[in-house]
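Heads up, the sequence shown stops at 154 in the working numbering, and the numbers go up one at a time, no gaps.
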Amino acid sequence: DLEVVNAGVSGDTSAGGLRRIDWLLRLPVAVLVLELGANDMLRGLDVDAMRANLAEILARTRRAHPDARLVVAGMRAAPNLGPDYGRRFDAAFPALAREFGATLVPFLLDGVAASRKLNQADGIHPTAEGHRVIAERLWPVLEPVLREVAIR
């Protein structure tokens, strides 16, 4: 059996996640799913700083739990931030997955982003149905990782 710890904080940025990671790493970690960066993007924060924060979270996890499986959940930049920001932001997640040998979820909100039906009135946060779609798309990526960990 695996215990799931949701260490996320609503509205958090990669810097906030980095400030809290050492608390989480005191626990046993078999799989770390890293899903941060969207709030950095929504605030127009520096992509290089976000990438450095996420890299440090992954590096600390590797040091504390060398056998832990890493999963990086990718996001995509909103088009209003411009093409340069978008290219750099979108490329950060696959690059981090390659650098740390992590499993990549290319775009966590695939099929949900920009759907009025699947998002709350703010147009950003998924509804319950939107979360179901995310779970259905995430499971085929996450299930093999969890199976591998379970048989160790």
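The beta-carbon is built from N, C-alpha and C at its ideal position, and this holds for glycine as well.
Per DSSP, what kind of secondary structure is residue i in: helix, strand or coil?
| i | result |
| --- | --- |
| N157 | The structure shown does not extend to residue 157, since the chain is modelled only from 3 to 154, so the question has no answer here. |
| V147 | helix |
| T63 | helix |
| P128 | strand |
| V114 | coil |
| L106 | strand |
| I153 | coil |
Apply the 10 Å Cβ neighbour rule to residue i and answer buried if 16 or more other Cβ atoms are within range, or exposed otherwise.
| i | result |
| --- | --- |
| D48 | exposed |
| R36 | Checking the sequence shown, residue 36 turns out to be Leu, not Arg. Looking at its Cβ environment, which holds 16 or more other Cβ atoms inside 10 Å, L36 is buried. |
| I153 | exposed |
| N55 | buried |
| G39 | buried |
| L120 | buried |
Name the DSSP bridge partner or partners of residue i?
| i | result |
| --- | --- |
| R71 | V33 |
| N121 | P128 |
Determine the contact status of residue i and residue j, defining contact as a CB-CB distance below 8 Å.
| i | j | result |
| --- | --- | --- |
| A104 | L72 | yes |
| A57 | E101 | yes |
| A79 | F91 | yes |
| L148 | V31 | no |
| T63 | D42 | no |
| R53 | L110 | no |
| V7 | L26 | yes |
| V135 | V114 | yes |
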